[in-house]
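Enquirer: Below is one structure. I have some questions about it.
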Amino acid sequence: MSTHPGRRLRELMDRGVVAAPGAFNGLVARAVRQAGFEACYVSGGATSVAAGVPDVGILSLDHFAGVVREVCDGSGLPVIADADTGFGEEEMVRRTVIEYHRAGAAGLHIEDQVFPKRCGHLDGKKLIPIDQSVSRLEWATKASQDCSGGEFIICARTDAKGVEGFDAAVERAKAYVSAGASMIFPEGLTSEDEFARFAEAMKSLGDRRPYMLANMTEFGKTPIIPLSRFGELGYHVVIFPVSTLRTAMGAVVKLLEVLKATGSVTHSIDGMQNRKDLYA
Numbered sequence: 026m027s028t029h030p031g032r033r034l035r036e037l038m039d040r041g042v043v044a045a046p047g048a049f050n051g052l053v054a055r056a057v058r059q060a061g062f063e064a065c066y067v068s069g070g071a072t073s074v075a076a077g078v079p080d081v082g083i084l085s086l087d088h089f090a091g092v093v094r095e096v097c098d099g100s101g102l103p104v105i106a107d108a109d110t111g112f113g114e115e116e117m118v119r120r121t122v123i124e125y126h127r128a129g130a131a132g133l134h135i136e137d138q139v140f141p142k143r144c145g146h147l148d149g150k151k152l153i154p155i156d157q158s159v160s161r162l163e164w165a166t167k168a169s170q171d172c173s174g175g176e177f178i179i180c181a182r183t184d185a186k187g188v189e190g191f192d193a194a195v196e197r198a199k200a201y202v203s204a205g206a207s208m209i210f211p212e213g214l215t216s217e218d219e220f221a222r223f224a225e226a227m228k229s230l231g232d233r234r235p236y237m238l239a240n241m242t243e244f245g246k247t248p249i250i251p252l253s254r255f256g257e258l259g260y261h262v263v264i265f266p267v268s269t270l271r272t273a274m275g276a277v278v279k280l281l282e283v284l285k286a287t288g289s290v291t292h293s294i295d296g297m298q299n300r301k302d303l304y305a
């Protein structure tokens, strides 16, 4: 029997900080693997935007699970997948864990925002009550036990820092660990000091200390921090959620502008992947 991807990811994180670039389809996932990365990520924001809709949690669970399956199959790597707010209440959170597990993911993260959610680096977010979030995580943890013997990773994302403050975010994270989360994702932190303090606060949990996930997204509230530095700050995995999509769309827009202006792709050829490499 093959090793569960959740266990594979834990083993990688136990050895050192892991980079997980975002992939928004199977082809990008394959490129992530070919570049030598050991893990991959599916972003809710990238999944939504790639489908032409806003990142507010309006795509279905089936849509997300389909993308997760493509990325898992395309990469062959342990995949962490965004589950937004869980697609509903406790029963839907349970179903989400099972569907993501069936799709091949190593784990998922679920956040404590109200629906419709907002991008984690925008203002105006609102949170669900902490007891409601704890209940969802308890259901998610039970679902992980039922479908994978607990190998499937349950990561709790908290957006509380930008809404209720740093200390409130830490308290929520501790409650989420008590509810069964084995990984914590503090969203919207704004400095290396905040990342360090958050990780240190989780170390105080001793044997219950969770794995720590950092979000290295561009043009947001978090400064650009190198992977190695995140490791020094106490983080086990760093996601780069939208970097590939931003780069791809930047190139697409430039191509279309030149094609519209000149009627030819001549000036865009150098930026293209050739037929042999694409088909390979």
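In terms of the working numbering, the sequence shown opens at residue 26 and continues consecutively. In this text, a Cβ means the ideal position worked out from N, Cα and C, and glycines have one as well.
If you draw a straight line from the alpha carbon of Ala286 to that of Ala75, how long is it in whole angstroms?
Expert: 25 Å
Enquirer: Please work out which residues of its chain come closer than 6 Å, Cβ to Cβ, to Glu176, disregarding the five sequence neighbours upstream and downstream, and give them in chain order.
Expert: Hits under 6 Å: His29, Gly31, Arg32.
Enquirer: What separation, rounded to the nearest whole angstrom, lies between the Cα atoms of Ala48 and Leu252?
Expert: Straight-line measurement puts the Cα of Leu252 at about 18 Å from the Cα of Ala48.
Enquirer: Would you please state the rounded distance, in angstroms, between the beta carbons of Cys65 and Leu37? I believe it to be under 8 Å.
Expert: About 12 Å separates the two Cβ atoms, so there is no contact after all.
Enquirer: Give me, in chain order, the residues of the same chain whose beta-carbon lies closer than 7 Å to that of Glu219; leave out the 5 immediate sequence neighbours on both sides.
Expert: Phe191
Enquirer: Please name the residue or residues paired with Asn299 in a DSSP beta bridge.
Expert: In DSSP, Asn299 forms no bridge with anything.
Enquirer: Quick one: residues in its chain with C-beta nearer than 8 Å to the C-beta of Asn50, no 5 flanking neighbours on either side, listed in chain order?
Expert: The residues are Ala75, Val92, Glu95, Val96, Gly99.
Enquirer: With DSSP as the reference, identify every bridge partner of Gln138, one or two as the case may be.
Expert: Leu152
Enquirer: Might you give, ordered along the chain, the residues of its own chain that have their beta carbon closer than 8 Å to the beta carbon of Thr72, omitting 5 neighbours on each side?
Expert: The residues are Phe49, Leu84, His88, Phe89, Val92, Asp107.
Enquirer: Buried or exposed: Gln138, going by 16 or more other Cβ atoms within 10 Å of its Cβ?
Expert: buried
Enquirer: Can you tell me whether Thr269 is buried or exposed, with buried defined as 16 or more other CB within 10 angstroms of its CB?
Expert: Buried is the call here.
Enquirer: Judging by CA-CA distance, which residue of Ala273, Val122, Arg234 is the nearest neighbour of Val53?
Expert: Ala273
Enquirer: Can you have a look at Arg127 and say buried or exposed, based on whether 16 or more other CB atoms are within 10 angstroms of its CB?
Expert: exposed
Enquirer: Give me the residue from Leu281, Ala185, Arg161 with the minimum Cα distance to Ile179.
Expert: Arg161
Enquirer: Less than 9 Å between the beta carbons of Ile153 and Ala181, yes or no?
Expert: no
Enquirer: By DSSP, does Asp80 sit in helix, in strand, or in coil?
Expert: Coil, per DSSP.
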